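Chains as they are written, first to last, in the working numbering: chain D, 614 to 1121; chain X, -19 to 300; chain A, -14 to 337; chain F, 664 to 987.
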Amino acid sequence: MNARMTLSARNIVKHYGGVVALEDGNLDVRTGEVVALIGANGSGKSTMAKVINGVVVLDRGQLLLNNEPIHFSSPQAAKDMGIATVFQELSLIPKMTVEDNIWLTREPIKSFGLINRKAVTRKTEELIALFEGTTSPSLRPDATVASLSPDERQIVEILKAISFDPWMIILDEATASLDNRQVHKLFDLINGWKEQGKAIVFVSHRMEEIFEIADRYSVLRNGKTVGSGNIKDINGDELVQLMIEEKSAFVFSRTRLDVTQEPGKKPICLEVNNLHTDVLGGISFNAMEGELIGIGGLQGQGQRNLLLALFGAIPYDGEVNFMGEKINFRNPREAMKKGLSLVPGDRAKEGLLYTRSILENFMLPSWRKYGFPLKIKNARKDAQKVSESLSLMMAGLQEPVSSLSGGNAQKVVIGKWLLREPQLFLLNDPTKGVDVGTKAEFYVLLNQLCEQGKTILFYSSDDEELVGLCDRVLVLQDGMIRAELKGESLTKENLISASLGISTRGVQ
Amino acid sequence: MKKFRLSPPVAALILAVILFLLSGLLPNGYGNDIDVAMAQATNIVRLAVFLGIIAAGQTLVIISGYEGIDLSSGSVVTLTAILTYVIVNGNNDKVLLALLVSLVVGGIIGLFNGAGISFLKISPFVMTLGMAGVVTGAILVLNHGNVSGKIAPIMTKVIARPLIGKIPGAIILWVIFGILMWLLLERTSFGKYLFAIGVNRVTAKLSGVNVVGMNLAAYSLAGALAGFGGFLLVGNTGVVFINLGQPYLFPSIAAVAVGGTLLSGGKGSYWGSMAGAIVLTLITSLLTTMQMPDSVRRMVLGGTLLILISIYGRQRSLRQ
Amino acid sequence: GPKATETAAPAAEATEAPVVEEPTEAPAEKFTIGISNPFISSEYRTQMIAELIEVNKEYMDQGITNELVIESADTDVAGQIQQLQNLMAKNVDAILVNPGDVNGLNATLEEAVSKGIIVISVDQELDVPNVYNVGIDQKEWAKTSAQWLAEKMGGTGNIVEIEGFPGHPANVARMNGVDEVLANYPDIKVLAKDTGKWDEATGQQVMSNFLAAYPNLDGYWTQDGMAIGALQAVMAANPAKFPIGVGEGRCQFLKLWQDVLKDHPDFDTIAVANPPGVSPTGLRIAVHMLMGEKVDETKLGGVNGLSFVIPVPVVITGDNLQEGLDICKDKPDAYLLDGIMTDQEVVDAFFK
Amino acid sequence: MKRWSWRYLVNRYPAFFPLILLVISIVVNAILQPNLLSLEMINNNLRVFMPMLLLAVGQTFVMIGGGIDISVGGIVSIVNTILATQVGLTGTPETMWKFVFLVILAGLLAGALNGFFIAILRLEPIITTYATGFLYAGLALFILPNPGGGIPQKISEIYRTTTPLGIPLAIYIIVIILLIWWLIRSTRFGRYLYAVGGNAQAAYETAVPVRTIVFSTYVISGLFSAFAGIAITMLSGSGNAEIGAGMILTSITAVVIGGTAFSGGVGGVAGPMMGAITLGLIQNIVSFSHISTWWETLVKASIIVAALAAPGIIDLFRKKGTRI
Ligand SMILES: Nc1ncnc2c1ncn2[C@@H]1O[C@H](COP(=O)(O)OP(=O)(O)OP(=O)(O)O)[C@@H](O)[C@H]1O
Ligand SMILES: Nc1ncnc2c1ncn2[C@@H]1O[C@H](COP(=O)(O)OP(=O)(O)OP(=O)(O)O)[C@@H](O)[C@H]1O
Ligand SMILES: [Mg+2]
Ligand SMILES: [Mg+2]
């Protein structure tokens, strides 16, 4: 339906103060195809997206539409050109309703400039129906965005982008907080858009997604475009090679604990008995020292709630023993003191102090260790060590976290707990938005922690990760453990069917 | 290429010095008389002390964020000044008691502020404004506006008179106080937590910071510091009256802002507030010695403030 | 309901009106007097209110008046209009108003007058038909101290002035008085003038600045609470020669004066009382008017010819400082030297 | 959330709680002052509350948009001094209307200056309007150094006594404002206002003209400050450069009691209008309740704090568990 159109970014340069975000960024997007924009954390993908949609002012370089130079002075200009964006950090107003968010600036108007509320609601319902079956009933046109779970917010952001029928859609890590079903729903939509002749830019760190949906790829490394081509002509290893300089990425798999064989060989770290919250309906399990337990299931089945409850951020009923001691923390502080740690799922809202320095973010849980007056030098040394072990890309510890790319920011959230050396790690989707190379390093790290006898409770929206990494996976549905997968039964197929509530072979 | 940026406290101080030097050229300026210039400079800094101390508590609650502000500080200053005046009643040996009472009373009022804000979720602006009314009302009830007392000679000597050479005790006190405030904000976990809750309270809580406790502490401390301000102020004025503290309220907020502390919280310094207090006092002093009607003076003050904050008070652009 | 203009016989319906009265219903002939005061954050005002209550007590004991109806809070013009409306709604027989604005209450006060209420403006002269004024002559008040200052300085030297709120009518009248006096002394030079906003701390701050800029000041003129601040500033700067300054009629000031004399025996100043007592005097006038006595309008003056001009009760100079201190013996520090006219004095001075 | 649960009502309708407060204060006031609900008393009270009410409406726009305006007092003073000096006690109605038009322009202009500094230069609202407040107050004092002047009594009579169809003028004004607000809320501008106050960055990325919206909130506040200035001039009939100074903090309190949050992005004008009336009624209640005069300030402040605390106290009792 659309005429063939091409949008090209040529030799884009963008600096943020002293930080180079893009040095020589290039991208060609044509109607009827999906281009995967890939690169390590901080390589400039989001910046490229923001250049194309007019949110940032570019320092140098050119945008071409059908080979004609164009210039976007604001998001409005880009939008007027039919370019829609799903922002990595979302562009939603939490206090407003779903429908108000989706139609913001394009509300259907009746006479006298009044908004046609009925039309807004009807059209919103139509949009929500696109993800039918993958969302909870709380995703309604009149629900406030603040009341939604991260995946539903992500979906609203996607719906908002497509609501004005753009010819080009930029999806910046739109799948990072979606579960398997939701991702496939989205892929169905993308395939439909391709047929309609829309152009799609797809940013993701999940290789299998890229190979499933993309037609072409374009790789950024340190702000430079280092390669592009047809996805058919390249394999995963080559792609990773392009993304990551020198050191080659490796697929990590750990030697699993043999939990089935020798129960009780390792001491129990965490004993959860019949834990209830207003979301959870009675959760019971044990975790041994050195064990890495995955928590799976669709989005919003109570995984976040479970982790927060254990960490003392949400009150619960039931009995929990930690290291042989009965616990029921009234606040995260107590939990932290006893040796628990939590990497929350929403780094912007729950994990970081954006305007404070990287150092202070690392140190937040640990300041007390540094005496009075605070031994800042020691703190710097320790923070430096951790940031090196996480290969954090930064201009310096004194820079604000807001200057980091999404993935690097995520590393800070993880890093601040490493400094405290806790016994139990509660991880809520910690690799969300983390690039392949770092992920691999992160897996090594998790393995080391397990070898040191630490216990890890690991929720991930990435099934590959759960299957490849965990000793056991507890699959949650409606606030209950519906399946426990381990050993032979821990396969991707089983995980998916268990998540969907379909009975699986070998499940206990 | 890193952009060179002047930190707000330094910028404010440089501005103060330039203004002061220029003021020498004014018709009523100090001209070539170094002694007069020194006396004027000392005097301005001395006057800035009281504003500066009252701005200290304000700095803390503003850094603590989430619209943090303390509009009750003016009334608390008045109350503790009256208490000091009555308790001391001319006795040197009652001074410490009065100081203690000032800190405790101020602290308790601050604690109430903090409790209303933390537990009842009242916005700080109106909570502390309401508290200001309550404290003023309490002053009226307690003494019907009539108090008897006297400050002690030692207070006058230490606070209002030159202590070492020609330097008034108040200034020396302020410098020590400034160092303590710096230690508190930059070299204690309390300070780090304060900035943390100013930026993001959920993050702070999930990182093991006792957010409610910190908030209560910040407001209590602010109350106590206002109490300290009242104690010092009465040492300077020598007398008390119902409206003693009120004139310091908004300037104390302006001093914090001029010093580069973000009114939205999470960023700032007490050095900044000190510089801000000096700049504000300097401008008012200069305007005093210049012959112009009050109307023009107000406009000049407003205009200068605007220029000042335009220089470094600009917020991040939405488009970068 | 509206009352007859003849206030001597308050209409019987007054008590039937749905006024919220004390449970013990007062006899019909008792008068109710309302006070409207828009500013309480000053010792002048608190003393004024306390004295009003005290003087009214005399009349209550005699069975002449009811408890005062006091509307007193820090508020703005709209708030004071609300105060007056509330007083009218409470069916008072007379209103003593200390106006916070010169014209802003006119319509409301006229409404009150039209309802037969006796309206007296205290401490601030208003030009509203049928509204009486009770107060001192602000200009004369200022001239007293200005004259003293000029003479003490021998008619020559440099001075500074610290005024109250510029534009406030009392301040304007006072500063005019000062200017008038100084016009006769061409050798007295006013180096600078600033507002001390009528409070001690600002007065002190302003004076500190002046002293730093003009270390060899010969004198200063100021008024009210700012005088204490100014003297504190002088003491802090501790110049070789203390300038001759104007003080205020407050016990705190007299004590300070006495203290200064210990170290500087040649220190000199003057304190002219600005009496809050004009308001209770106004209350007495109101009561006499309510009782039907006729005002001798030839003895009134002012802008609308309805002003009761009250003489300044006390002037303290070095000669009679001890007298002043004696008055202050059993008074709080914030006490302002005062004078309330007695019933007899009021009748003699203003009534037929 | 159940449709009729307390929490739902309070969250969904920001004016719900202020309405309860208003009803309570009317009832208490009426018990103490039985003729409160007579037409004359309603008119008397509302004409006094009107300036504050108008100021609160303007402030609401700014606060929904995430800002604050403490220069409103200065704008009120400018308007008052212009009218008092230019129309004068003996002016004709024509001059009056001419200058009413002019002061409305002045209000818009002052608001635009605030908007310029805050929306375009991106300065912090509190300190900026504190500074421009000095500018405006100084200007007012420049126009009218000494209190005096005013508008002809005939004109202020219109404001004080007009009761078309026996209903006080103020009621018409309130209804008109509510109507306009209801319309505004249903336009894009209304949505933008909440979006900008809710999250300016997200709004900008969604192509909301953030700058224009922020700018316009200050212009609207300037406009309503001018209205408030006109109202208070009509009420008092006189000029005084300090007239607006005392109104600033009260207007903010009215807005907050009215359920509009400082953080922006929530609220509406109905609540703050009720808040302004409630504050006025609290003053009446204190005045009619026979409290010793020394206690009045304390009691009044305590009632206000209690009113502000009430939603929080109710929540404390209802709260099931702490959430992050
Ligand atoms: N607002 C900003 N201020 C300063 N530096 C920034 C800002 N935004 C991004 N950067 C820097 O620009 C670089 C590119 O960031 P960008 O967000 O484009 O990376 P990305 O490829 O999207 O990474 P990720 O995969 O982690 O999302 C990073 O080094 C980052 O630190
Ligand atoms: N608050 C805002 N609302 C809407 N658009 C904005 C806003 N801030 C910036 N912009 C957009 O970004 C562009 C550039 O911003 P701005 O004019 O503030 O930059 P600038 O003047 O270079 O700022 P600086 O002085 O910080 O360098 C503007 O033309 C405008 O389109
Ligand atoms: Mg990114
Ligand atoms: Mg720029």
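Ideal placement from N, C-alpha and C gives every residue a C-beta, glycine not left out. Treat the numbers as computed from the prediction; the structure is a model and nothing was measured.
Hey, is Asp1048 (chain D) close to ligand 3, as in C-beta under 7 Å from one of its heavy atoms? no
Round the Cβ separation of Ala891 (chain F) and Leu718 (chain F) to the nearest angstrom and send it over; I've been treating them as touching at under 8 Å. 4 Å
I'd like to know if Gln816 (chain F) contacts chain A, where contact means its C-beta is closer than 8 Å to some C-beta of that chain. yes
I need the straight-line Cα distance from Phe99 (chain X) to Glu963 (chain D), nearest angstrom please. 21 Å
For the putative contact between Lys658 (chain D) and Leu833 (chain D), defined by C-beta atoms under 8 Å, what is the C-beta separation to the nearest angstrom? 6 Å
Check this for me: beta carbons of Ser1074 (chain D) and Asp1048 (chain D), under 8 Å apart or not? no
Which residues does DSSP pair with Asn1096 (chain D) in a beta bridge? Looking at the sequence shown, residue 1096 (chain D) is not Asn but Ala. Answer by DSSP bridge pairing, in chain order: D:Val1088.
Local conformation of Asn707 (chain F) per DSSP, three classes: helix
Does the CB of Ala865 (chain F) have a neighbour CB from chain D at under 8 Å? yes
Excluding the 5 residues flanking Gly630 (chain D) on each side, which residues of the same chain have their C-beta closer than 8 Å to its C-beta? Ser1016
What residues in the segment 707 to 728 of chain D have a beta carbon less than 7 Å from any beta carbon of chain F? Pro707, Lys708, Met709, Asp713, Leu717, Thr718, Glu720, Gly726, Leu727, Ile728
So Gly894 (chain D) is in the beta strand (DSSP E); what residue range does that whole segment cover? 894 to 901
Chain X contact for Gln67 (chain A) (CB, 8 Å cutoff): no
Looking at the secondary structure, which residues open and close the alpha helix (DSSP H) in which Ala186 (chain A) lies? 185 to 198
Within 8 Å of any Cβ in chain F, is that where the Cβ of Met295 (chain X) sits? For the sequence presented, residue 295 (chain X) should be read as Gln rather than Met. Output row for Gln295 (chain X): interface = yes.
Among the candidates D:Val885, D:Ile683, D:Lys663, D:Ala992, whose CA atom is the shortest distance from the CA of Arg1033 (chain D)? D:Ala992
Which residues of chain X have a Cβ atom closer than 7 Å to the Cβ of Ala221 (chain A), listed in chain order? Ala140, Arg141
Cβ neighbour criterion (16 or more within 10 Å) applied to Glu640 (chain F): Residue 640 (chain F) is absent from the structure shown; chain F starts at 664 and stops at 987.
Measuring alpha carbon to alpha carbon, tell me which of A:Asn289, A:Asp209, A:Ile255 ends up nearest Asn118 (chain A). A:Asn289
Report yes or no: is there a C-beta of chain X within less than 8 Å of the C-beta of Glu787 (chain F)? yes
Step through the CB atoms of chain A and report whether any lies within less than 8 Å of the CB of Phe951 (chain F). yes
Strictly below 8 Å CB to CB, what residues from chain X border Ser27 (chain A)? Gly125, Phe221, Ile222, Asn223
Spatial neighbours of Lys627 (chain D) within its chain, please: CB distance less than 7 Å, with the 5 preceding and 5 following residues excluded, ordered by chain position. Ala634, Leu635, Thr660, Val664, Val669, Leu671, Asp672
Where Pro682 (chain D) falls: helix, strand or coil (DSSP): strand
Compare the Cα-Cα distances from Ser313 (chain X) to each of A:Ser292, A:Arg235, A:Asn169 and report the closest residue. There is no way to answer for residue 313 (chain X), as the model of chain X reaches only from -19 to 300.
Taking the beta strand (DSSP E) that Cys882 (chain D) falls in, what are its first and last residues? 881 to 889
Simplified DSSP assignment, three categories, for Gly142 (chain A): strand
Roughly how many angstroms lie between the CA atoms of Thr9 (chain A) and Met73 (chain A), to the nearest whole one? Residue placement at Thr9 (chain A) is flagged as unreliable, the pLDDT there being 47, under the threshold of 50; a coordinate-derived value is accordingly withheld.
Grab me the residues of Glu36 (chain A)'s own chain with a C-beta within less than 8 Å of its C-beta, minus the 5 sequence neighbours each way, in chain order. Pro261, Gly262, Ser264, Pro265, Asp323, Ile325
Cutting at 6 Å between CB atoms, please list the residues of its own chain near Ile683 (chain D), excluding the five before and the five after it. Leu676
Between the Cα of Glu1064 (chain D) and those of D:Gln1036, D:Asn934, D:Asp1076, D:Val999, spot the shortest distance and give me the residue it belongs to. D:Gln1036
Are the Cβ atoms of Val962 (chain F) and Val949 (chain F) separated by less than 8 Å? yes
Measuring alpha carbon to alpha carbon, tell me which residue in X:Leu160, X:Val214, X:Ser265, X:Ser232 is nearest Asn69 (chain X). X:Val214
Taking the alpha-carbon of Ser44 (chain X) as reference, which of X:Met111, X:Leu260, X:Ile(-2), X:Gly178 has the nearest alpha-carbon? X:Gly178
If you measure between the beta carbons of Asp179 (chain A) and Thr168 (chain X), is that distance less than 8 Å? no
What residues from chain X crowd round Gln243 (chain A), counting only those whose CB sits closer than 8 Å? In chain order: nothing, as chain X lies at least about 12 Å away.
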